[in-house]
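Below: one structure, written as structure tokens.
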Amino acid sequence: MDPLPLPFHRFFDELDALVVVLDVENYSILYANAEAKKVLGEIVGIPCYEAKYGRSEPCEGCLEAGAIPHRHIWQSQNRQTQRWYRCHSKVIEIEPQKSVRVGISFDISEQKEGEALFEIISQNVTDVIWVYDLKLNRFRYISPSVEAMRGLPKEEAEAMSLEETLTPSSYQRAMQILEGERLRLSNPSHREIKIFSEFFDQYTHDGEVIETEVTARVVQDEGGNLAKIIGITRNFTEQKRLIAALHESEKELKEAQKLGKIGSFTLDLLQETLKSSEVFDQLLGLSPSSPKTLEDWVSLFGEDPRDSLPLFDPQNPIKIDHLEIDQKITRPKDGKEIWVKGVAKTLYEKQRLRYLKGVIQDVTERKQYELRTKNNLERQKFINDVLHLLYRPLDWNQSIAKVMELLGRFTQADRSYIFENSPDDSYATNTFEWCQEGIAPQIHLLQHFEYSLMPSWKPLIVEKKMICASDISTLPLDLSETLAPQGIKSILAVSIFAQGRLYGYLGLDSCRKKREWSEEEIELLRSISTIIAGAIERRGWERSEKEQRIQAQQANLAKSEFLANMSHEIRTPLNSILGFAELLKPALEKNERFAGYLESIATSGQNLLLIIDDILDLSKIESGKMEIHPSPTDIKAFLKELESLFLPSALKKNLSYELNLQEGIPDFLVMDEIRLRQVLFNLLGNAFKFTHEGKVSCSFRFQRQSASKITLFIEVSDTGIGIPLSQQSRIFEPFTQQDAQNTRKYGGTGLGLTITKRLVEIMGGDLTLESRPKWGSTFFITLPHLQIATPKTSKSSLQTPPSSLPCAKILLVDDVSDNREIVRAFLEGQPLHIIEAKDGLEAIAIAQKELPDLILMDIQMPFKDGLEAAKLLKESPKTRPIKIIALTALAMKEEERVIRSFCEGYIKKPFTKATLLEELSAHLASRPLQTSAPDLTPKEHSLLQEALQGEYEEASLLMLNVDIERFAQGLLALAGEQIPSLIPLSSALLEATQSFEIERMEALFGQLQPYFNSPKECS
């Protein structure tokens, strides 16, 4: 039943709140007003917690309200509608023993949303939001940001009063403001809300003071009294610092603009006005006080920006965001040219370009630096080109002419030139000139130009080292009158000092117009002058060096020719002396007296030969022409040879002679056996020469460096006269002997040890000495890095000469009859037919006629020497197969190489019978097997010539394999048909051509010569 009287119904229905009357026992709704029914529907009879909150059991508010008989207020949210309500309830006794609970709920959802938003703001802003209760004299609320601003926890800050929060002065000012607000609000006509903003100093947690900006308003209570203050506090200390920094930055920016010469501007393209900064005006020479327009911009930069910006067209939809500036301008104030660079931002208004806002900077110094750098690089490149031309091995005249062209083009002069002084400095000659197109050359008019015609020129070019005039009329009269007819308006010339004197001068002319010569151009011309002077001196040095080199070569050539001639002139008579001595030895053996004379002759001749060989060896070593030829050497055989050669000397002088070989030394080592033999022959020979009692020893030791290499140590010791320490370094110098040595007693040239030491060094080793007078000497040889060789068949150096030679025809060529006589005597009893010739011409004629098996050819002969004769014989197919052995007194290695290129054998004069027989045996035994030459009948001979004479001559001309093969095929065909006796020879020739056996082919082809010429005469 409805517990409320009707008047209450009307009253509750007019309220916006939800009003219900509840049973205090079961919370069921006994009454609901119109708003409650509108929001919740028909809810009478339903428990309130179900109707209002969608719950299945009483909520905390109902339970609490049931326990509280007086008024109770709480907040709750409807789970279905998600709306918030503030609920008020009170128990009312309507009848005795009959009570109901009246509940009124107000919708506070929007308030809740505001509170949530406020919470988000207060939790996240850096400013402090606060509410101060003037009655409680404390903060009712402070946002958490107070901790960041003042270093205080929120709860601690809320418990503080204004007096505790503010500094005394700020607190006093705050009280004055509040008093003013109280008085203002007490007047009914001034009760509008007023928000004030003031600066107050506040304390932080550490007791420091910060400046804050406070924006607040006061709130009155129902009685019109000031109840609270709502405000926001901002930390102005940091903001103030930023503002100060901003002001400082602006100040620094202005200073930087002045220092950096940067000016700002705003160009209004519609109003055609120009606003500019002070620096802009200073840079461009404008008056700061006078207004500036677009016309001023155009006069400075040369164009209206609108002409170059199609974007100024409002119909053009394309936009650009900036415009770059980079150009040279002329300031109207003083006419000075400067470079400016900048950028302007484009600003649009209603789709139309309106403003250019930007900055410009004076970059004149940078541009000048860039220009100087560019010019320096170009100048350096030009100088490098000049250096390249003058210091490379090209034609001097072409190089200087090219330099003149480069200089003229680089400096943009009309004429560039060089004048060279005469030796007596009385005149100068224009030696090189280059002219621009259209400029008349003057070089042909300025040959041997006398300085007397221009007396002022030489003092200027010598004393000042330069003549510089932008206008020749400013020069002395004698100069201007001479230069004007040449079309010169401006001139620059610098002196060239080279080879210790004024060589001449280098100049530039400007003929088309007058020209100011810059310092850079003057310095450049001086640099080129210095380079040319250096090149001239270098050219002189090179000429001098070349002349000295030619003189040295000529001296060496003369020395070599002298040594060769000396060798030849001495060896030639020695050949007769030693040769006849050897021939006389068997006949005089029984006559002891004459046999002794003969032995003395032979010994003296051999000693003279050794002296010649020493001189030649030293010459080769000093000229760097001594060559080393390493080959596998049998060490034990080598030592045995040393023993057999020097044992007679030991026995003759009653000396002990020891040879020691370290156990384990490799049997074969790769080294130059001939040169090592020469070294040890010298050392052992000296040891026996200077030792009169005691012993001489030679020992070989070694030390391994690796599995394949050793270091060889050789010691030659004696107990002879010894060498003082003061003279030990001198004995290795040429033609030097120790002071106490009796030359008559011991003999010698003083070359032996010099050659020995040099030979050891050439072999990569070292020779040292230890010696004491009267105790003897020891020479130490060290030869490192010797390769261990595999065993080979040892060839004895002392071979037994052959007793008999094969039958052969020998052509002996020598202009000295004694030499021919010695050879005939040495070969007496051999089955040889010897034909003689006195010179090269005679030898060629006889060889072509006789076709000997071998030629013994002397080299130096009149009319035609042996080398020329050998060359001609080898060029002829007819005589090419004949082997030639050179008999020569020439002993230089270079001559030996040339001789061996045309001769198969080489015998050096003087020679022994054994040497001659050994060489002849080697070459006669290795002759190609001669195919027997059948005797042809006159008819066969005639038939052969008629059929193949032409082919034979064609094949003989160049001796080409293809020509000889074609001839052999024809010969074999003819032999098979008509001349059977020629089949073996023609078959062998064809086989040799087809198998490319060149030497055999040439030998067999030579056998055919008798068939096409006069028949060969038999011995």
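For reference, each letter of the sequence shown is one residue, going 1179 to 2197 in my numbering.
Every residue gets a Cβ at the ideal spot worked out from N, C-alpha and C, and that includes glycine.
Check	Outcome
Alpha carbon to alpha carbon, how far is threonine 1524 from aspartate 1160? Give it in angstroms, no decimals.	Lying outside 1179 to 2197, the shown extent of the chain, residue 1160 is not represented and no answer is given.
Suppose you measure from the CA of phenylalanine 1479 to the CA of valine 1521; what does that come to, to the nearest Å?	14 Å
Tyrosine 1227 and glutamate 1220 - do their beta-carbons sit closer together than 8 Å?	no
Are the CB atoms of valine 1278 and aspartate 1201 within a distance shorter than 8 Å?	yes
Using a threshold of 8 Å, state whether the C-beta atoms of alanine 1671 and isoleucine 1706 are closer than that.	no
Can you tell which of Phe2183, Leu1424, Ser1651 has its C-alpha closest to the C-alpha of phenylalanine 2145?	Phe2183
Find the nearest neighbour of glycine 1757 within the set Pro2088, Asp1850, Asp1993, judged by alpha-carbon distance.	Pro2088
Who are threonine 1607's beta bridge partners in DSSP?	Glu1598
Residue range of the beta strand (DSSP E) that isoleucine 2062 falls in?	2061-2066
Entirely within the region 2012-2051 and at least 3 residues each: give me those beta strand (DSSP E) ranges in chain order.	2032-2036
In the DSSP assignment, find the unbroken beta strand (DSSP E) run with glutamate 1836 in it and report its ends.	1834-1839
Pull the bridge partners of asparagine 1413 from the DSSP assignment, please.	Thr1390
In chain order, what residues of the same chain lie with their CB nearer than 7 Å to the CB of tyrosine 1205, ignoring the 5 residues before and after it?	Pro1225, Cys1226, Tyr1227, Pro1236, Cys1240
For proline 1619, count the other beta carbons within 10 Å of its own beta carbon; 16 or more makes it buried, fewer makes it exposed. Which is it?	exposed
Would you identify the three-state DSSP class for cysteine 1689, choosing helix, strand or coil?	coil
With a threshold of 16 other CB atoms inside 10 Å of the CB of isoleucine 1888, please say whether the residue is buried or exposed.	buried
Please report the residue range of the beta strand (DSSP E) in which alanine 1522 lies.	1515-1527
For glycine 1943 and isoleucine 1852, I'd like the C-alpha separation in whole angstroms.	15 Å
Of all the options Thr2115, Ile2142, Ala2153, which has the alpha carbon lying nearest to the alpha carbon of alanine 2125?	Ala2153
Between the beta-carbon of glycine 1402 and the beta-carbon of leucine 1356, is there less than 8 Å?	no
When DSSP builds the beta bridges, which residues end up paired with phenylalanine 1957?	Val1894, Leu1947
Please name the residue in Glu1502, Leu1567, Asn1413, Leu1931 whose C-alpha comes closest to that of lysine 1535.	Glu1502
Looking at C-beta atoms only, is the number of pairs between the region 1640-1654 and the region 1614-1630 that lie closer than 8 Å three or more?	no
With DSSP run on the structure shown, which of helix, strand or coil describes methionine 1353?	helix
Alpha carbon to alpha carbon, how far is isoleucine 1282 from leucine 1196? Give it in angstroms, no decimals.	6 Å
In chain order, what residues of the same chain have a beta carbon less than 6 Å from the beta carbon of tryptophan 1695, not counting five sequence neighbours either side?	Cys1646, Leu1670
So what does DSSP say about histidine 1963, is it helix, strand or coil?	strand
Go ahead and pull the three-state DSSP assignment for glutamate 1694.	coil
Using the DSSP secondary-structure output, state which residues sit across from methionine 1644 in a beta bridge.	Val1672
Starting from aspartate 1285 and walking both ways along the beta strand (DSSP E), at which residues does that stretch end?	1276-1285
Take threonine 1508 and list the residues in its own chain whose beta-carbon comes closer than 6 Å to its own, dropping the five residues that flank it on each side.	Glu1515
Across the region 2096-2103 and the region 1982-1992, are there enough close Cβ pairs to call them in contact, namely three or more that are closer than 8 Å?	yes
Looking only at its chain, what residues have a beta carbon closer than 8 Å to the beta carbon of phenylalanine 1627, apart from the 5 residues adjacent to it on each side?	Phe1597, Tyr1605, Ala1606, Thr1607, Asn1608
Tell me whether glutamate 1936 is buried or exposed, calling it buried when 16 or more other Cβ atoms sit within 10 Å of its Cβ.	Per the sequence shown, the amino acid found at residue 1936 is arginine instead of glutamate. With 16 or more Cβ atoms within 10 Å of its Cβ, arginine 1936 is classed as buried.
Pick out the complete alpha helix (DSSP H) segments inside the region 1436-1494, 4 residues or longer, and give them in chain order.	1456-1462, 1472-1479, 1483-1486
Does DSSP classify glutamine 1881 as helix, strand or coil?	strand
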